[in-house]
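When you line the sequence shown up against this note's numbering, it's residues 219 to 497, in that order. Glycine included, every Cβ here is placed at the ideal spot set by N, Cα and C. Below: the structure, in structure tokens.
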Amino acid sequence: MNAVRRGLGNGVVQAFLVVVGLVWMTPLAGLFLSSLRSAEDTAKGGWWTVFSSPGQLSFDNYSSLLGNAGITQAFWNTVLISVPTTVLVVVVAALAGYAFAWLDFPGREAIFLVVVALLVVPVQIGLLPVAKLFGQLGLFGTIPGVVLFHVAYGLPFAVFLLRNYFAEMPKEMLEAARMDGGSEWRIFTRLVLPVGRPAIASLAIFQFLWVWNDMLVALLFADSASQPLTVELQSQIRQFGSNIDVLAPGAFVSLVVPVVVFFAFQRHFVQGVMAGSVK
Numbered sequence: 219m220n221a222v223r224r225g226l227g228n229g230v231v232q233a234f235l236v237v238v239g240l241v242w243m244t245p246l247a248g249l250f251l252s253s254l255r256s257a258e259d260t261a262k263g264g265w266w267t268v269f270s271s272p273g274q275l276s277f278d279n280y281s282s283l284l285g286n287a288g289i290t291q292a293f294w295n296t297v298l299i300s301v302p303t304t305v306l307v308v309v310v311a312a313l314a315g316y317a318f319a320w321l322d323f324p325g326r327e328a329i330f331l332v333v334v335a336l337l338v339v340p341v342q343i344g345l346l347p348v349a350k351l352f353g354q355l356g357l358f359g360t361i362p363g364v365v366l367f368h369v370a371y372g373l374p375f376a377v378f379l380l381r382n383y384f385a386e387m388p389k390e391m392l393e394a395a396r397m398d399g400g401s402e403w404r405i406f407t408r409l410v411l412p413v414g415r416p417a418i419a420s421l422a423i424f425q426f427l428w429v430w431n432d433m434l435v436a437l438l439f440a441d442s443a444s445q446p447l448t449v450e451l452q453s454q455i456r457q458f459g460s461n462i463d464v465l466a467p468g469a470f471v472s473l474v475v476p477v478v479v480f481f482a483f484q485r486h487f488v489q490g491v492m493a494g495s496v497k
């Protein structure tokens, strides 16, 4: 009887999760189907009409998308902003997190408190002062300027996260490595990084998604030649509100890339979130 109850309970949970998954995937599926329909078909009815009239589906919209110089350039700008930002934040935060967790140097605790205090500073406060500084340095309106801003505001949380994760590592493990003659760099690269891979992967996913979907910083710091996909789509909606045949596939591409990244690193993400919950 208990086995039957457990089986029914598991079946209900699985059915509920399937329903939640379908509901979560419905907007993505709707956007994808809309991106395969012409503007005329979209004006006549919703995307669900493709199930009764599958002849509406065509990849012509994606051909138009590839021919749209603004959107294709914005896509590559988004890649050039998101990837370097993620790499720089992860690398610098991993080095700083290890230093704050296991290295003794003057002012370590005070500096870490400053890093933690920066977590409560809203990004909006620094927009105008940093924009003025970037203008003086010649970085305003450039991709390096956008990357530098994202790195600066992404580091406090990243350092805080990785420092706390690295600090949970057994002290005996690091001391044994030092007794065997391992240098701090060798311990960091051969021991700490492999053990901290779940947390690092989680941080990389969060940072990439945050930068990829950002519009606020890009609106201020990127000019027309360096603006990412989010700004370009918003601009085209404002200027050409009826060109759904270009906007729908562009929006789907902008959405599907973070989804693919998340599912590609899902296992590491779950491990990073669950790390430390069970000792």
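Cβ separation of residue i and residue j, assumed to be a contact under 8 Å, to the nearest whole Å
i: alanine 440; j: valine 364; result: 5 Å
i: valine 307; j: leucine 373; result: 6 Å
i: phenylalanine 277; j: leucine 447; result: With a Cβ gap of about 19 Å, phenylalanine 277 and leucine 447 do not count as contacting.
i: leucine 380; j: alanine 311; result: 5 Å
i: tyrosine 371; j: valine 341; result: 5 Å
i: alanine 417; j: phenylalanine 483; result: Rounded, the Cβ-Cβ distance is 12 Å, inconsistent with contact.
Burial state of residue i, where buried means 16 or more other Cβ atoms lie within 10 Å
i: aspartate 463; result: buried
i: leucine 434; result: exposed
i: glutamine 230; result: A small fix is needed here, since residue 230 is valine in this sequence, not glutamine. It is exposed - the Cβ of valine 230 has fewer than 16 other Cβ atoms within 10 Å.
i: phenylalanine 445; result: Note that residue 445 is glutamine in the sequence shown here, rather than phenylalanine. So glutamine 445 counts as buried.
i: phenylalanine 481; result: exposed
i: valine 327; result: The question names valine, yet the displayed sequence has glutamate at residue 327. With fewer than 16 other Cβ atoms within 10 Å, it is exposed.
i: leucine 346; result: exposed
i: leucine 351; result: exposed
i: alanine 314; result: buried
Nearest candidate by alpha-carbon position, reference residue i, set the options
i: aspartate 259; options: Val429, Gln274, Thr303; result: Gln274
i: valine 334; options: Gly353, Ser472, Asn382; result: Asn382
i: valine 268; options: Val477, Leu251, Phe323; result: Leu251
i: isoleucine 405; options: Gln425, Thr360, Phe384; result: Phe384
i: phenylalanine 426; options: Ser281, Gln232, Ile299; result: Ile299
i: valine 305; options: Ser270, Phe470, Val369, Leu465; result: Val369
i: alanine 319; options: Ser281, Val348, Glu402, Trp265; result: Glu402
i: leucine 438; options: Ser256, Ala349, Asn279; result: Ala349
i: asparagine 279; options: Lys262, Leu249, Pro302; result: Leu249
i: glycine 414; options: Val309, Gly353, Val474, Ser442; result: Val309
Alpha carbon of residue i to alpha carbon of residue j, nearest angstrom
i: leucine 337; j: leucine 254; result: 42 Å
i: proline 467; j: glutamate 386; result: 45 Å
i: glycine 239; j: leucine 355; result: 48 Å
i: isoleucine 289; j: isoleucine 329; result: 42 Å
i: methionine 391; j: aspartate 398; result: 11 Å
i: tryptophan 408; j: proline 324; result: With the sequence shown as reference, residue 408 is identified as arginine, and tryptophan is not the correct amino acid for it. If I take the Cα positions, the gap works out to 26 Å.
i: isoleucine 361; j: alanine 436; result: 9 Å
i: arginine 396; j: proline 388; result: 13 Å
i: threonine 296; j: glutamate 450; result: 10 Å
i: aspartate 432; j: phenylalanine 375; result: 17 Å
i: phenylalanine 358; j: valine 339; result: 22 Å
i: tryptophan 265; j: phenylalanine 378; result: 44 Å
heavy atom of the ligand NAP below 6 Å from residue i C-beta
i: proline 476; result: As presented, the structure is devoid of all ligands, the ligand NAP included, so that no description of it is given.
Practice item. Mind listing, in chain order, the continuous alpha helix (DSSP H) runs of no fewer than 4 residues lying wholly within the region 226-276? Key: 257-262
Check your understanding: Residue ranges of each alpha helix (DSSP H) run of no fewer than 4 residues wholly in the region 412-451, ordered along the chain?
Key -> 415-430, 434-439
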